[in-house]
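All residue numbers for the sequence shown refer to UniProt numbering, where the first residue is 1 and numbers rise by one.
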Amino acid sequence: MIPALRGKSKPYAYFIKQRGIDVDEYTITVSGGKGGQHMNFIHGKGNWNQKWMEFIDNNPNATDKDISICKENDG
């Protein structure tokens with residue numbers, strides 16, 4: 001999920017934290033490197049972080065329940 005300590009991600013991590021969600025509970029280990037899962041799914045084809053940032057931008061009043069439903073629907 002969105003890293004808490006990286007530049008433009010800070011407000012998004014704060015948004016999630018404000019709703020009582022501990023993102024560390026959803027942390028998984030993925031392979032790194034140019035062809036790894038991290039680049040392909042987080043930043044590349046899956047565009048994971050961008051999807052979350054867009055969800056938050058488009059749903060500024062989202063609750064923890066809304067975030068949970070979004071997470072379940074996105075896999």
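Think of the CB as a built atom: it goes at the ideal place given N, C-alpha and C, for glycine as much as any other residue.
Check: Reference GLY20, options LYS10, LYS45 and ASP64, closest by Cα; Outcome: ASP64
Check: Bounding residues of the alpha helix (DSSP H) (the contiguous stretch that carries LYS17); Outcome: 10–18
Check: N-terminal and C-terminal residue of the alpha helix (DSSP H) that ASP56 is part of; Outcome: This sequence places Ile at residue 56; Asp is not what is there. From DSSP, the alpha helix (DSSP H) with ILE56 extends over 48–58.
Check: Closest residue to PRO11 among ALA62, GLY36 and ILE56 (Cα-Cα distance); Outcome: ILE56
Check: Environment of GLY75 [buried if 16+ CB atoms lie within 10 Å]; Outcome: Low confidence applies to GLY75: its pLDDT is 48, below 50, so where it sits in the model is not reliable enough to give any reading.
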